[in-house]
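Engineer: One structure coming up, written as structure tokens, with questions to follow.
Residue numbers (this note's numbering): 581 to 787.
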């Protein structure tokens, strides 16, 4: 079951997350040079696999992009098998469906400073810290990949695939949105999906 979940979930997460990351690079071009410098300092031309330990800024950029652009508005869907009372007094009965508001949680100022502002290096290691908060990490406040024993087992594969693609794009291409004001997503039920009509202009870099 886990391998099937990984095989299904990782490609979907890969496509949407990569698209949103490219959108954010276009909307926040000030991150292009720091990310390219990090790639230059840590990756050779022959690298086919990205190490999380070496690309901490890119890891943080992806986590911030995902915080603001979750492909689902809700997560952790569960069906109650019996009646249950929450500590705040809320009550659910057997058969009820329960979930967490993933998109709203990622934009909650109670948990993130300047929650509606894109800060690409928000999760990077702070001065004196040994590590930041990794893209593949889960927490009760950031259940992007699920949580607990039901966390997506394909998240590590998806993260490496996304980073490897972004490294290739950042190293070899310049890109921008044809129209920064055009709608970039649409909603279907609880899912946020990139619009296929959104045009990205790409050209090979001259270095």
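Every residue, glycine too, gets a C-beta built ideally from N, C-alpha and C.
Are residue 781 and residue 612 touching if we call contact CB-CB under 9 Å?
Structural biologist: For residue 781 and residue 612, no; Cβs fall outside 9 Å.
Engineer: Report all residues from its chain with a CB closer than 6 Å to the CB of residue 647; omit the five preceding and five following residues, and keep chain order.
Structural biologist: 686
Engineer: When DSSP builds the beta bridges, which residues end up paired with residue 724?
Structural biologist: Its beta-bridge partners are 726.
Engineer: Counting only the same chain and skipping the five closest in sequence on each side, list residues whose C-beta sits under 7 Å from that of residue 637.
Structural biologist: 614, 615, 618, 701 and 704
Engineer: With a cut-off of 8 Å, do at least 3 Cβ pairs link the segment 658 to 676 to the segment 706 to 725?
Structural biologist: Segments in contact, no.
Engineer: Keeping to the same chain, check which residues put their C-beta closer than 6 Å to that of residue 715; ignore five residues upstream and five downstream.
Structural biologist: 639, 642, 643 and 739
Engineer: Name the residue from 719, 722, 774 and 689 whose alpha carbon lies nearest to the alpha carbon of residue 764.
Structural biologist: 774
Engineer: What is the rounded straight-line gap between the Cα of residue 583 and the Cα of residue 734?
Structural biologist: With a pLDDT of only 39 at residue 583, under 50, the local geometry of the prediction cannot be trusted, and the value read off the model is given with reservation. Their backbone Cα atoms lie some 8 Å apart in a straight line.
Engineer: Considering only C-alpha positions, which residue in the set 759, 695 and 658 is nearest to residue 522?
Structural biologist: Lying outside 581 to 787, the shown extent of the chain, residue 522 is not represented and no answer is given.
Engineer: Using CA coordinates, which residue listed in 717, 661, 652 and 688 is at the minimum distance from residue 769?
Structural biologist: Put simply, of 717, 661, 652 and 688 the residue whose alpha carbon is nearest the alpha carbon of residue 769 is 652.
Engineer: Closest by CA to residue 767, which one among 747, 610 and 654?
Structural biologist: 654
Engineer: Express the C-alpha separation of residue 691 and residue 602 in angstroms, rounding to a whole number.
Structural biologist: 26 Å
Engineer: Just to confirm the assignment, what range does the beta strand (DSSP E) spanning residue 754 have?
Structural biologist: 753 to 757
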